[in-house]
Structures are given as structure tokens and as C-alpha cells.
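These notes are about the structure you will find just below.
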Amino acid sequence: MRGRRALIAALVVLVSACGAKAGSEGRAARKFSPEGLAKVSDYIRNEIVTGKIPGAILLLQQHGKPVYYENFGVRDVATEIAMSADTIFRLYSMSKPITSVMAMMLVEEGKLALDDPVSKYIPAFAGMKVGVEKKAEDGKVALALEPLARPVTIKDLLRHTSGLPYGYRGGGLVRELYAEANLFQSNLGNADLVAKIATLPLVEQPGTVWDYGFSTDVLGRVVEVVSGKTLLQFEKERLLGPLGMTETAFFVADPAKFPCIAEPMPEDRNINPTTQVRDIRRPVLWESGGGGMVGTIGDYARFAQMLLNGGSYEGRRYLKPETIALMASDHVGPETKIARDQNYYPGANSGFGLGFAVRTSVPPGTSWPLGEYRWDGVGGTFFFIDPEDDLFGIFMVQTPSQRGRIQLALKTLIYQAMGR
């Protein structure tokens with residue numbers, strides 16, 4: 000009974016936080032079966048029992064109301080504090096949609112245009128080159144720098160076609176340069192970070208390849224230049240504050256909230272061989288629009304409901320419906336002739352919009368909805384927005400090593416629970 004009361008209390012909190020979508024009550028949509036949702040719960044509990052994750056939270060919200068919400072396990076096996084709605088998670092790349100929304104606000108206001116060259120706001124980008132590997136007669140490979148065929152644009156930053164990669168060893172000479180630059184550990188402010196990026200070559204010509212990297216961090220700096228504020232100041236003024244996303248920031252500033260932080264299993268802290276999950280108790284200069292935010296499930300639920308509502312929430316408009324539709328449309332489809340790098344994270348059945356992966360075809364053996372858009376974070380969190388079913392889902396967990404496997408399994412079970 001105590002657990003049931005806690006669940007009902009949490010649902011009440013989330014209902015009040017995530018107002019119902021106007022007019023959604025009359026929309027026909029698939030419903031969840033209790034048996035299907037029980038399988039979802041069983042799956043997450045098994046992940047905890049088998050020692051893969053300490054705990055997690057899952058919210059499914061349809062027609063503006065939670066249809067499923069449950070806290071599982073603990074925030075941290077070291078403290079054994081139960082997972083709860085006020086738990087704070089590292090969002091990593093779930094920061095990117097927030098930064099993209101901020102940029103599109105400026106586009107709506109005419110202060111920014113998708114076709115603008117980035118160099119209009121960051122002049123150093125005018126001098127950028129593309130690094131091309133060339134083999135000499137002796138067989139050695141060297142990096143040649145070639146001029147841009149066209150400028151990097153704001154749209155390139157939003158859809159990851161800028162030629163700005165993430166650095167890692169073994170990914171070619173340009174990515175090696177990014178790895179050596181140690182950008183993730185540099186803790187520079189956005190202006191200095193982007194100035195450093197501008198000294199490095201692009202890995203491809205702009206607009207030719209979907210290549211995941213520092214595009215959204217550069218976009219965050221553009222937002223700063225255009226708004227005249229730091230990224231967080233502008234976000235608080237225009238989005239986080241009005242939406243009530245009070246726990247969303249770039250680190251946890253209040254020591255009293257340190258026990259609220261979710262941690263992965265002790266042996267599951269490596270993002271890659273050289274980078275561990277960030278200690279979000281430590282203040283940072285870098286307000287990373289691409290991967291630096293922290294927050295709670297309730298905060299992100301407000302953001303997701305605003306998107307699902309077509310840009311409005313509780314009577315306040317943040318973006319126009321046509322802007323949300325543009326963001327949730329595929330901008331790297333076959334007609335663009337944009338190639339996809341070997342790590343094309345949206346997957347075979349999805350394109351990419353302005354800040355989100357967008358489903359463009361139905362996976363075999365399913366009836367998953369077209370037009371669903373989504374993204375996730377390297378720490379394990381993910382969300383999806385399903386306009387056809389007037390539904391969004393958010394899964395909060397901290398597990399760098401298990402994230403892909405869990406996300407696919409959960410999405411499959413969630414849609415099976417809807418008969419999809």
C-alpha cells in the first residue's frame with residue numbers, strides 16, 4: 000500500500016507539472032494494455048536484480064496525463080537512497096534538443112536564419128579548412144587542408160552536417176586531432192571552446208555527411224552571440240524559467256541536492272576508455288549545449304509536453320507549430336544526397352531533423368509510428384515523442400555501457416504494450 004500511495008503521489012505531481020494538451024481528448028489513439036505495461040516493469044526490475052543498473056524512472060504520458068510512471072531501485076548503490084521524482088540525472092546529449100529549441104526561437108524572431116553562415120556570428124569559421132587524408136609515394140598518410148566548398152551554416156549545426164566531429168582514437172587523422180585537443184576535459188567557456196574548435200579542420204565538406212560531433216556546442220555559442228547572454232541565462236529567461244524546469248542546469252550548485260544525484264554502477268562509469276561520467280557536483284565554465292545539462296524527469300516532461308503540444312504549454316507559446324513540424328521533419332533524406340557516417344546513430348529507419356532523429360520508415364515486424372522523433376544521452380537517458388498516439392516517453396537511468404541494449408528492448412516492449 001505504501002508503494003501504491005507513493006506511485007499515486009508521484010503521478011499527481013507529474014500531472015500538475017505537465018498540463019493536458021488542448022483538444023487531445025477527442026483524438027483517437029492506441030491505448031496501453033495492463034499486461035503489456037507489466038512486462039515493461041518486469042524488464043526494468045530484472046535489470047536491477049541482475050546488477051546491471053542501480054535504478055531508473057520511466058514515464059509514459061498520453062493526452063497530457065501520465066499513463067505509466069514508476070520509480071525503480073535506488074539512485075546510487077553506495078547510498079541506497081530510493082529513486083524518486085527529484086532524482087537528478089546527467090542528460091548528456093538530451094541537452095541538444097533544448098539548445099536546438101533556443102536557436103529556433105531566434106530563427107522565429109528573425110535574429111537568426113537557417114541559411115546564415117556560422118561565420119556571420121563566429122568570424123573564425125570563415126577561415127576553416129577541410130582535412131583530407133592523402134597517401135604519399137612512400138605510403139605514409141598525411142593530412143592536406145582544403146578550402147570549404149561552401150560555408151558551414153546554422154542548418155548544418157542543427158542537423159549535424161557541419162563537418163565538426165567528436166574526437167576519438169582510430170577514427171582517422173582529423174578525429175585524432177580532436178582527441179588530442181582534449182576538448183571534453185578543457186572546461187573552457189563557450190567562446191574559448193569554439194575558438195579552439197575553429198583552429199581544427201573539418202572532417203568533411205559542409206552539407207555532405209551526417210557526422211555526429213560538436214555542432215550543437217557551436218550552436219550554443221551562436222545563441223550566446225545573438226542573444227547577448229550566456230547560454231544558461233538565455234535558457235532560463237526564455238524556456239527553463241517559464242516552463243518550470245527549475246532543476247535543469249549545467250551542474251548541481253546546491254550541496255543539499257548532492258544526495259539527489261543518480262550514479263551508475265561503480266564499474267560502469269566509463270563513457271569511453273579515456274573519459275568517465277562527469278562529476279556534476281563540480282562547477283564548470285563550459286555550458287555545453289551539446290551534452291552538459293543535468294535535470295529531473297519532471298523538468299524534461301514539461302519540455303517534452305511542450306514539443307508534443309506543438310510549441311505551447313499551459314497557455315504560453317514557445318515555438319510555432321510549423322516550427323516544431325520543421326524540426327521534426329527529415330533534413331538528411333535521399334533528396335539531399337547527404338551521406339551517413341559509419342556511426343549513424345538514428346538508425347536505418349530514421350532520418351534526422353533539426354535537433355532530433357525522426358522515424359521515416361517502419362522497422363520490420365512492427366507498426367511503430369512514422370514521424371516519431373527522439374534523442375538520447377550517452378549516460379543512458381532517452382526520450383521519444385509520438386504525435387500519432389499523442390504520447391511521449393522518458394526513461395531516466397545512468398548506465399553508459401548498457402544504454403543501447405536497454406533502449407531498444409524498452410522501446411519494443413512499450414510499443415508492444417500498445418499493440419504496435
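Take 0 as the starting number for the sequence shown in numbering that gives the first Met the number 0 and just add one per residue. Each residue gets a CB set at the ideal place from its N, CA and C atoms; glycine is no exception.
Separation of residue j from residue i, as counted between CA atoms
| i | j | result |
| --- | --- | --- |
| residue 372 | residue 138 | 45 Å |
| residue 8 | residue 60 | Low confidence applies to residue 8: its pLDDT is 44, below 50, so where it sits in the model is not reliable enough to give any reading. |
| residue 288 | residue 64 | 29 Å |
| residue 237 | residue 84 | 24 Å |
| residue 149 | residue 197 | 16 Å |
| residue 412 | residue 418 | 10 Å |
| residue 267 | residue 378 | 10 Å |
| residue 367 | residue 361 | 6 Å |
| residue 306 | residue 323 | 7 Å |
| residue 246 | residue 384 | 22 Å |
| residue 353 | residue 332 | 13 Å |
| residue 28 | residue 388 | 5 Å |
| residue 191 | residue 178 | 17 Å |
| residue 402 | residue 281 | 24 Å |
| residue 319 | residue 96 | 16 Å |
| residue 170 | residue 62 | 44 Å |
| residue 347 | residue 248 | 33 Å |
| residue 129 | residue 168 | 19 Å |
| residue 114 | residue 120 | 13 Å |
| residue 234 | residue 240 | 8 Å |
| residue 22 | residue 325 | Below a pLDDT of 50, predicted positions are generally treated as unreliable, and residue 22, at 39, falls in that range; the measurement from the model is reported next regardless. Each residue's Cα considered, the two are about 22 Å apart. |
| residue 111 | residue 103 | 8 Å |
Cβ-based burial, residue i [other Cβ within 10 Å; buried from 16]
| i | result |
| --- | --- |
| residue 309 | buried |
| residue 36 | buried |
| residue 410 | buried |
| residue 161 | buried |
| residue 427 | The first residue shown for the chain is 0 and the last is 419, placing residue 427 beyond what the model contains. |
| residue 316 | exposed |
| residue 327 | buried |
| residue 155 | buried |
| residue 263 | buried |
| residue 70 | buried |
| residue 202 | buried |
| residue 99 | buried |
| residue 295 | buried |
| residue 436 | The chain is shown only over 0 to 419; residue 436 falls outside these bounds and no answer can be derived. |
| residue 423 | Here the chain has residues from 0 to 419 only, and residue 423 is not among them. |
| residue 108 | exposed |
| residue 214 | buried |
| residue 48 | exposed |
| residue 55 | buried |
| residue 226 | buried |
| residue 185 | exposed |
8 Å contact criterion, which residue i and residue j should meet: CB distance rounded
| i | j | result |
| --- | --- | --- |
| residue 381 | residue 406 | 5 Å |
| residue 211 | residue 159 | 6 Å |
| residue 117 | residue 173 | That pair is no contact at about 18 Å. |
| residue 142 | residue 204 | Contact doesn't hold; Cβ gap of about 15 Å is too wide. |
| residue 176 | residue 199 | 6 Å |
| residue 345 | residue 356 | 4 Å |
Beta-bridge pairing of residue i - partner residues as DSSP gives them
| i | result |
| --- | --- |
| residue 60 | 65, 391 |
| residue 421 | The chain is shown from 0 up to 419; residue 421 falls before or after that span and cannot be answered. |
| residue 134 | 140 |
| residue 128 | 146 |
| residue 383 | 373, 392 |
| residue 201 | 129 |
Please go through the stretch 268-338 and give each complete beta strand (DSSP E) segment of 3 or more residues, from N-terminal end onward.
Runs found: 269-271, 292-294.
In the stretch 151-177, which residue ranges form an unbroken alpha helix (DSSP H) of at least 4 residues, counting only runs that do not cross its ends?
Uninterrupted alpha helix (DSSP H) stretches at least 4 residues long and entirely within the stretch 151-177 occur at 153-158, given in chain order.
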